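Enquirer:
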Amino acid sequence: MKKLFTIISVSIFTISFAQKDSIFNRLQAINNNGISFYNIDGFTITSQTLNYPFTEKGLKKVYRKYSIKKKVKKTKDEQISYNNYYVQNNENITENLVQNNSYYFIENQEKRITIIQFSSINKRDKEFERTIIRQIIEKKIPKENFASIRIDSINFAGRKIKLGNSCNWMGVNNVQCPYYGQMNWSVHKELQDAKNTVEQQFEITKSQKGGKVISEEIVDLEFEGLETKAKRVIYDFTGVKSLLIGMSGGKTLTIYYIATEVRGNYVSCVLSFWNNDTITENGLSPLLEKVMKLKK
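In the numbering used here, the protein residues as written are 198 to 493.
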């Protein structure tokens, strides 16, 4: 019996470790001014620790900082082994898209309050949230999962890509290189989730006021060396005034929406460039050419 218990225990540990290892393969993060930002499976996650005790008075101050009103229900998650309360709310983005937000207020190991926020579109996953919370509170996320604020290279779904020092983070897994293009991506456990994510981003693009889609087609290309298909959209901003357009000077934005398998995981990726960006003879901007090639 003792031997059987040992085998079962080892098996459970092995499965648990493999699950965490898989999460770390998909997770990317950035630390900036005391706030950690994470991206995985299309979830946007932030964590911050504030110097307040986990008391009624301390929690009130934190709720106020996060604009959580007094009448909003705060619930304890009994499956999290730390003192906690969480709040959920939804925000309508379009007729078909809802942003689901979860806020966890947790007493950490230093007896201070750590706030972890999850945002996603049209999905919730409590068990996933609990898993991420444990890794954050117990400080188990490897250092190599955190990207430097100053970009020299990026970890693109498991491949290191050199970019130099002219590019900027616009968010986790969202890099913009002046006149060279922009791309954002997320690494997913399942292909359908990656496909849903790019379709949601496309719907958000279409819903933006001030511009219009003038071209939409499916094209063949190579992405990270593998043949796949992408949705190519040209968005026209002619006559539109905004800070973004003023800074770029462009009139049309070409966008590629891709969801495909990459190195054993699945990637949702949105890549774009302005008509006045540097365009190579292959019809792409230099940043996009780092990961994709159009089929002739």
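Heads up, the beta-carbon is just placed ideally off N, CA and C, and yes, glycines get one too. As the structure is a computational prediction, the values presented were derived from the model and not from experiment.
Considering only residues of the same chain and omitting the five flanking positions on each side of Thr477, which have a CB-CB separation below 8 angstroms?
Expert: Locating residue 477 in the sequence shown gives position 280, counting from the first residue. The answer, listed in chain order, is Pro483, Glu486.
Enquirer: Could you compute how far the alpha carbon of Glu424 sits from the alpha carbon of Tyr260?
Expert: Against the sequence shown, residue 424 aligns to sequence position 227. Against the sequence shown, residue 260 aligns to sequence position 63. The alpha-carbon atoms of Glu424 and Tyr260 are separated by roughly 49 angstroms.
Enquirer: Can you have a look at Leu440 and say buried or exposed, based on whether 16 or more other CB atoms are within 10 angstroms of its CB?
Expert: Position 243 of the sequence shown, counting from 1, holds the residue named residue 440. Any answer about Leu440 is weak, because its pLDDT of 44 lies below 50 and its placement is not dependable; what the coordinates show is given next. Counting Cβ neighbours within 10 Å, Leu440 comes out exposed, since fewer than 16 surround it.
Enquirer: Give me the Cβ distance between Val395 and Ser465, rounded to the nearest whole Å; I'm assuming they're in contact under 8 angstroms.
Expert: Position 198 of the sequence shown, counted from the first residue, corresponds to residue 395. Position 268 of the sequence shown, counted from the first residue, corresponds to residue 465. Val395 to Ser465, Cβ: 5 angstroms. Contact.
Enquirer: May I ask you to verify whether the stretch 268-282 touches the stretch 360-367, counting CB pairs closer than 8 angstroms and requiring at least 3?
Expert: The stretch 268-282, when compared against the stretch 360-367, does not touch it at the 8 angstroms Cβ threshold.
Enquirer: Identify whether Glu458 lies in helix, strand or coil by the three-state DSSP scheme.
Expert: Numbered from 1 along the sequence shown, position 261 holds the residue referred to as residue 458. The answer is strand: DSSP assigns Glu458 an E or B state.
Enquirer: To the nearest angstrom, report how far apart Ala427 and Phe470 are at their CA atoms.
Expert: Translated into positions along the sequence shown, residue 427 becomes position 230. Translated into positions along the sequence shown, residue 470 becomes position 273. So the alpha carbons of these two residues sit roughly 15 angstroms apart.
Enquirer: Of all the options Lys490, Val372, Ile312, which has the alpha carbon lying nearest to the alpha carbon of Ala344?
Expert: Counted from its first residue, the sequence shown places residue 344 at position 147. Among Lys490, Val372, Ile312, the Cα nearest to that of Ala344 is on Val372.
Enquirer: Exposed or buried, what is Thr252 when buried is set at 16 or more other beta-carbons lying within 10 Å of its beta-carbon?
Expert: As a working note, residue 252 is residue 55 in the sequence shown. Looking at its Cβ environment, which holds fewer than 16 other Cβ atoms inside 10 Å, Thr252 is exposed.
Enquirer: Might you give, ordered along the chain, the residues of its own chain that have their beta carbon closer than 8 angstroms to the beta carbon of Glu292, omitting 5 neighbours on each side?
Expert: The residue you call residue 292 lines up with position 95 of the sequence shown. Excluding residues within five positions, none has a Cβ falling inside 8 angstroms.
Enquirer: Name the two residues that bound the continuous alpha helix (DSSP H) containing Ser278.
Expert: Counting from 1 along the sequence shown, the entry for residue 278 is found at position 81. Element bounds for Ser278: n/a, residue is neither H nor E.
Enquirer: Classify Tyr260 as helix, strand or coil using the three-state DSSP reduction.
Expert: Locating residue 260 in the sequence shown gives position 63, where the first residue counts as 1. Of the three classes helix, strand and coil, the one that applies to Tyr260 here is helix, per DSSP.
Enquirer: Have a look at Leu481, Glu419, Gly447, Asp322 and flag the residue whose alpha-carbon is nearest the alpha-carbon of Tyr432.
Expert: Numbered from its first residue, the sequence shown carries residue 432 at position 235. For the residues Leu481, Glu419, Gly447, Asp322, the minimum Cα distance to Tyr432 belongs to Gly447.
Enquirer: Using a threshold of 7 angstroms, state whether the C-beta atoms of Glu421 and Lys490 are closer than that.
Expert: In the sequence shown, counting from the first residue as 1, residue 421 sits at position 224. In the sequence shown, counting from the first residue as 1, residue 490 sits at position 293. Against a cut-off of 7 angstroms, the Cβ pair of Lys490 and Glu421 comes out as no contact.
Enquirer: Between Ile348 and Leu360, is the Cβ-Cβ spacing less than 7 angstroms?
Expert: Taking the sequence shown and counting its residues from 1, one reaches residue 348 at position 151. Taking the sequence shown and counting its residues from 1, one reaches residue 360 at position 163. Yes; because the gap between Cβ atoms is below 7 angstroms, this pair is in contact.
Enquirer: Measure the alpha-carbon distance for Asn236 versus Gln296 and round it to whole angstroms.
Expert: Position 39 of the sequence shown, counting from 1, holds the residue named residue 236. Position 99 of the sequence shown, counting from 1, holds the residue named residue 296. Their backbone Cα atoms lie some 15 angstroms apart in a straight line.
Enquirer: May I ask which residues mark the beginning and end of the alpha helix (DSSP H) holding Gln352?
Expert: Looking up residue 352 in the sequence shown gives position 155. Contrary to the premise, residue 352 reads as Asn rather than Gln in this sequence. Note, Asn352: premise wrong, no alpha helix (DSSP H); beta strand (DSSP E) at 350-353.
Enquirer: Does the distance from the C-beta atom of Phe309 to that of Thr241 stay below 7 angstroms?
Expert: Position 112 of the sequence shown, counted from the start, is the residue given in the question as residue 309. Position 44 of the sequence shown, counted from the start, is the residue given in the question as residue 241. Correcting the residue type first, residue 309 is Arg in the shown sequence and not Phe. No, these two residues do not count as a Cβ contact at 7 angstroms.
Enquirer: Drop a sphere of 10 angstroms on the beta-carbon of Tyr263, count the other beta-carbons inside from all chains shown, and report buried for 16 or more, exposed for fewer.
Expert: For this step, residue 263 is matched to residue 66 along the sequence shown. Tyr263 comes out exposed.
Enquirer: Pick helix, strand or coil for Phe251, following the three-state DSSP scheme.
Expert: The residue you call residue 251 lines up with position 54 of the sequence shown. Here Phe251 sits in coil by DSSP.
Enquirer: Tell me which residue opens and which closes the beta strand (DSSP E) that Phe434 is part of.
Expert: Here residue 434 corresponds to residue number 237 of the sequence shown, with the count starting at 1. Segment: none, Phe434 is in no beta strand (DSSP E) and carries neither H nor E.
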